[in-house]
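Residues 706 to 1159 (my numbering) are what the sequence shown spells out, left to right. The next block holds one structure in the form of structure tokens; read it before the comments.
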Amino acid sequence: MFSPMPIMLAERQVPLQRARLRGGEKARLDSGRISEDLPLSFTVGTKDGNLHSHLSRTLKFVPPTKQQPDFSIYKKNFEMEQQGDMGERPEVPAARRQADCGEVRGEPRDAWHSPSPSAITPSLLTLSLSSRSVNNFLMTGPKAYLIYSSSVAAGAQSGIEECKFQFAWDRWNCPERALQLSSHGGLRSANRETAFVHAISSAGVMYTLTRNCSLGDFDNCGCDDSRNGQLGGQGWLWGGCSDNVGFGEAISKQFVDALETGQDARAAMNLHNNEAGRKAVKGTMKRTCKCHGVSGSCTTQTCWLQLPEFREVGTYLKERYHKALKVDLLQGAGNSAASRGAIAETFSSISKKELVHLEDSPDYCLENKTLGLLGTEGRECLKRGKALSKWEKRSCRRLCGDCGLAVEERRAEMVSSCNCKFHWCCAVRCEQCRKRVTKYFCVRKEKRERSGAE
């Protein structure tokens, strides 16, 4: 059995904590270095045996100045280990071991051993997956990272989309600037909104990994049948194919929590909220049952657990957001052993289901360029509609009136598909229908008065 292999993505010129998670356009960084404070996405692909990280938005690249890590030997070793052929494995040159794994002190190591944390050079951005037996199948190192990375990326994106949905009609509407998953170098706040971002992102990654496991996307994962045959309650037994949340939880924890490298109160807060997101997925699982008996009777039932719609997880976390707990720590608590002990003790006393924050939220009504806040001026709000919730119907008062702004009514024309018909064979053709709609926006009162006078 072998130890975990650190996964090296690229050299860096900025700290890992300054890389932010964002969606949007993606460009490829071919084993080069990150030259600025750039948002780093989870997306990782392969080409010609090398890792390629994907970054979003505007980038500047610094060409690599030395030979980048070559994972071809590691890939060969993993394949041989999986097939049980442990005979002659390729030799890894000492120079490559140093380049790929950092300077190793003490006795020599080869590609089957990972260096200690102190042996990894600071010029490498590393993500180490610990050895973990998942459904009796060991999956570590670069191979594990590549297998799960697309699901991690999709899960993080679903978390972002759910955040935007849940806060669409709030003063803070989950702007992209807020979508950062590390505690340092650019994260300016530790408020309840930051807590929600961490929780929903962690939940999205766990949810997607669990779902993809159930769909058979991973060879090493399947149904959770560990309780099958056991009595679950009066008149029912565990059976069927439960979604394997244990798998999703274990792998998501390795990926998401690895982004948090700090040891101060802010890092502890982020890790706590990551865990709260995973607890939300487990807490919203639904029990589904099937009846068994003669002539359709329901003498006994077999039941299993299924994932809910992710919207339910988002709604659950939004409720937790409104009840988030503020943690008051002594001013100046830092990285000393005593401070870390006090921080750990404080957070361990709080339920893992609760969202926590350290700071109060700023006034989101007002524009604040320093904090990257746009304010609510110019935001659209809702007033009428049978399908609107109470929260949505009150959005104009919340975004406009309570922020000292007026509501301006605007007429607009919408074009949508209508009168769609199926034509044999095989196409659906629709007409383009136009209709006038009324929309409402927040504007300054003096601006509205001027437009009314004109």
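Virtual Cβ for every residue (Gly too), placed ideally from N, Cα, C.
Taking Glu-980 as reference, the option from Glu-1151, Glu-898, Met-911 with the minimal CA-CA separation is Met-911. Following the DSSP letters along the chain, one finds Arg-1102 inside the alpha helix (DSSP H) bounded by residues 1100 to 1104.
In the structure shown, Trp-941 adopts extended strand secondary structure according to DSSP, grouped into three states. The beta-carbon distance between Ala-895 and Leu-1076, rounded to whole angstroms, is 13 Å. This is too long to meet the 8 Å contact definition.
With respect to the C-alpha of Leu-1060, the residue from Asn-975, Asp-948, Thr-993 having the closest C-alpha is Asn-975.
Counting the other CB atoms within 10 Å of its CB gives Arg-876 a total of 16 or more, which places it among the buried residues. Counting only runs of 3+ residues, the beta strand (DSSP E) found wholly inside the segment 935 to 1016 occupies 936 to 938, 941 to 943, 991 to 997, 1005 to 1011, in chain order. Distances from the CA of His-903 to each of Leu-964, Glu-1114, Phe-1015 were compared; the closest alpha carbon is that of Leu-964.
Under a 10 Å Cβ-count criterion, Gln-935 is classified as exposed, with fewer than 16 other Cβ atoms of the shown protein chains found around its own Cβ. Per DSSP, the beta-bridge partners of Asp-929 are Ser-947. Ranked by Cα distance from Gln-1011, the first of Gly-951, Ser-1054, Gly-1109, Lys-1057 is Gly-951. The Cβ neighbour count for Asp-1107, taken over all protein chains shown within 10 Å, is under 16; the residue is labelled exposed.
Counting of Cβ neighbours within 10 angstroms places Asn-978 among the buried residues, the total reaching 16 or more.
Just measuring C-alpha positions, the residue of Leu-1087, Gln-1137, Phe-1127, Cys-1130 sitting nearest Val-1120 is Gln-1137. In this structure, Thr-989 places its C-beta atom within 8 Å of the C-beta atom of Pro-1013. Non-local C-beta neighbours of Leu-1030 in its own chain, meaning closer than 6 Å and more than five positions away in sequence, comprise Glu-1059, Val-1061, ordered along the chain. Boundaries of the beta strand (DSSP E) around Ser-1121: 1111 to 1128.
Taking the Cα positions, Glu-867 is about 22 Å away from Gly-1090.
Looking from the CA of Val-857, the closest CA among Lys-1074, Asp-922, Tyr-1145 belongs to Asp-922.
Beta-bridge partners assigned by DSSP to Leu-1079: Glu-1072. In the structure shown, the three-state DSSP call for Val-1032 is coil. Unbroken alpha helix (DSSP H) stretches of 4 residues or longer found wholly inside the segment 1127 to 1151: none. Note that the segment 1014 to 1027 does not touch the segment 937 to 956; fewer than 3 beta-carbon pairs, one per stretch, sit closer than 8 Å. Within the same chain, Ala-970, Met-974, Thr-1051, Phe-1052, Ile-1055, Val-1061, His-1062, Leu-1063 come within 8 Å of Val-1032 by CB-CB distance, once the 5 residues on both sides are set aside. By a beta-carbon distance limit of 8 Å, Ser-907 does not contact Cys-928. Their separation comes to about 23 Å. Within the model, the alpha-carbon separation for Ser-1122 versus Cys-1135 is close to 6 Å. One thing to note: Lys-991 has its Cβ no nearer than 8 Å to the Cβ of Thr-1007. DSSP places Glu-1064 in the coil class of the three-state scheme, outside both helix and strand. Collapsing the DSSP output to three states places Cys-1108 in a helix. DSSP links Cys-918 through a beta bridge to no other residue. The C-beta distance from Arg-897 to Tyr-1026 rounds to 6 Å, short enough to meet the 8 Å contact threshold. Note on geometry: alpha-carbon atoms of Leu-920 and Asn-933 lie some 19 Å from one another. DSSP places Glu-1059 in the coil class of the three-state scheme, outside both helix and strand.
In the DSSP assignment, the residues bridged to Cys-1086 are Tyr-1145.
Counting C-beta atoms within 10 angstroms of its own C-beta, Cys-1003 has fewer than 16 neighbours from the protein chains shown and is therefore classed as exposed.
Of the other Cβ atoms in all chains shown, 16 or more fall within 10 Å of the Cβ of Thr-899; this residue is therefore buried.
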